[in-house]
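Please read the structure below before turning to the comments.
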Amino acid sequence: TIRALPPPPQVSAAGAPAAGAPATGAAGKGTPSDLGAASPNTILGYTAPVAPGPVAPIAEDLLAAGSQVGDYEIVELIGAGGMGSVYAARYPMIDRQVAIKVIASHLCRDPGVVQQFVIEARAANQIANRHVVDIHTLGTLSDGRPYLVMELLRGQTLSQRLSYGALDLEEAVAILDQIAEAVEAAHHVPIVH
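All residue numbers for the sequence shown refer to our numbering, where the first residue is 1 and numbers rise by one.
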């Protein structure tokens with residue numbers, strides 16, 4: 001995920017948030033942390049993200065197979081996490097396969113989250129690299145939840161691959177080379193990731 005970070009929190013000389021500074025999020029979520037309480041996971045006022053555990057989607061948020069999202073028809077749920085759900089979908093007229101990411105309903109009440117969702121989509125399209133997913137369009141469901149339509153990529157996550165055992169050196173280098181190419185392309189835009 002490409003993400004433009006907000007500015008670090010303003011901190012007074014005593015290490016407390018400065019008057020009028022925005023409240024910071026909880027440590028370990030990739031959000032600004034209290035600079036006065038720096039830990040080994042804190043860099044430039046941001047805590048390193050902690051890998052979240054599995055997150056069950058909210059039942060009311062789920063889209064049923066066959067339901068319509070814009071011109072697309074939902075085929076199946078392929079992933080869910082803290083931000084929302086991702087579905088395999090298709091454009092019936094030409095049988096084009098896509099993925100649709102929909103923000104969880106409870107997050108839509110936060111304009112900052114919605115804005116970040118749009119920024120992420122724009123950033124991915126600016127990079128235009130074979131190792132960064134293509135975004136086709138943004139939209140809003142009838143219940144107000146934003147969604148984006150993107151390239152559908154099938155395969156395993158790195159976590160799934162590692163569940164079979166460690167990568168050998170050649171495989172690890174090939175993956176790291178692809179990641180480095182995507183990061184280099186992001187730096188040329190420039191995008192903080």
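Just so it is clear, CB atoms sit at the ideal spot from N, CA and C, and this is done for glycine as well. What you are looking at is a predicted structure, and each value in this text was computed from that prediction instead of being measured.
Residue of the options minimising C-alpha distance to residue i
i: glutamate 181; options: Ile78, Ser142, Met150 and Asn129; result: Asn129
i: valine 189; options: Leu148, Leu141 and Val132; result: Val132
i: asparagine 125; options: Asp71, Val149, Val86 and Tyr72; result: Val149
i: alanine 59; options: Ile74, Gly66, Ser105 and Glu73; result: Ser105
i: alanine 186; options: Ser142, Leu107, Leu162 and Ala123; result: Ala123
i: serine 83; options: Ser142, Gln160, Asp61 and Ile179; result: Correcting the residue identity first, residue 83 is methionine in this sequence and not serine. Comparing Cα positions, the closest option is Asp61.
i: leucine 158; options: Phe117, Gln178, Thr140 and Gly144; result: Gln178
i: aspartate 143; options: Glu171, Leu107, Gly66 and Ala172; result: Leu107
Residue range of the beta strand (DSSP E) that includes residue i
i: isoleucine 78; result: 72-80
i: glycine 66; result: Counting along the chain, glycine 66 falls outside any beta strand (DSSP E), and DSSP gives it neither H nor E.
i: serine 85; result: 84-91
i: alanine 99; result: 96-103
Test item: CB-CB of residue i and residue j under 9 angstroms
i: proline 146; j: leucine 152; result: no
i: isoleucine 100; j: valine 69; result: yes
i: valine 98; j: histidine 136; result: yes
i: isoleucine 175; j: leucine 167; result: yes
ask   = If you scan the region 119-193 from start to end, which runs of the beta strand (DSSP E) of 3 or more residues do you find wholly inside it?
value = 135-140 and 146-151
Touch test, the region 111-125 against the region 90-97, Cβ-Cβ under 8 angstroms, three pairs minimum = no
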